[in-house]
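Step one of this worksheet: look at the structure below.
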Amino acid sequence: RRVHGDFRSAPCTDRRVRQRMPKNKGKGGKNRRRGKGDHEGSKRELIFKEDGQEYGQVQRMLGNGRLEAFCFDGVKRLCHIRGKMRKKVWVNVGDIVLVSLRDFQDEKGDVILKYSVEEARNLKTYGELPENTRINETDTMEGEEMGADVEFGEFEESAGVDIENI
3 RRVHGDFRSA
13 PCTDRRVRQR
23 MPKNKGKGGK
33 NRRRGKGDHE
43 GSKRELIFKE
53 DGQEYGQVQR
63 MLGNGRLEAF
73 CFDGVKRLCH
83 IRGKMRKKVW
93 VNVGDIVLVS
103 LRDFQDEKGD
113 VILKYSVEEA
123 RNLKTYGELP
133 ENTRINETDT
143 MEGEEMGADV
153 EFGEFEESAG
163 VDIENI
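In structure tokens form, the structure reads like this:
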């Protein structure tokens, strides 16, 4: 006689005891769900700095979620990218970011927001950023074609190696 729940014996013919895998009810797995989330491309309200915060421009990426930013109050700070932004918002060299200052360490801060190129231009027109600030526009190629300024020289057969003599 078999004990209820003991599946080591012969295959079960009783439908009430046999356990089944659940049916798929969704439309895809983990990879499909990765695409969902916050859409940063959509319009959002422009966020200005408050007290305890400063605008900065990324000078170099250090790895491990850290970067070196030059804040517009004239101080170069070692900044840490907050966990909420870490793998969702990609920060690059030249980006304008909002840095939360630390009360106990003036040379360190936390990146709490990355501004898009359009938002950084708006901050500049509102007078929040200095006029001499160069906004990184590498990710938006509005009227330019890739490689439009590349010129190729004429090919000379005498400059190459003759394959028949090898």
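The opening residue of the sequence shown carries number 3 in the working numbering; numbering runs sequentially from there.
All C-beta atoms in this analysis are idealised placements derived from N, C-alpha and C, irrespective of residue type, glycine included.
Check: State the CB to CB distance for the pair Y128 and I98, rounded to an integer number of angstroms; the pair is presumed to be in contact (CB under 8 Å).; Outcome: Going by Cβ atoms, the distance from Y128 to I98 rounds to 13 Å, so no, they are not a contact pair.
Check: What does a CB cutoff of less than 7 Å around E1 pick up in its chain, not counting 5 residues either side in sequence?; Outcome: Residue 1 lies beyond the residue range present for the chain, which begins at 3 and ends at 168; the question has no answer from this structure.
Check: Taking the alpha helix (DSSP H) that L125 belongs to, which residues open and close that run?; Outcome: V119 to T127
Check: Between the C-alpha atoms of D112 and N124, what's the straight-line distance to the nearest angstrom?; Outcome: 23 Å
Check: Under 8 Å by Cβ, that's how I've got A71 and G85 pegged, so tell me the actual separation to the nearest angstrom.; Outcome: About 18 Å; that fails the 8 Å criterion.
Check: How big is the Cα-Cα spacing for N94 and D53?; Outcome: 25 Å
Check: Could you name the residues of the same chain whose beta carbon sits closer than 8 Å to that of K51, not counting the 5 residues immediately before and after it, in chain order?; Outcome: Y57, L100 and E130
Check: Mapping DSSP to helix, strand and coil, what is E70?; Outcome: strand
Check: Short of 7 Å in beta carbon distance, which residues of its chain neighbour R88, apart from the five on each side in sequence? Order them along the chain.; Outcome: G67
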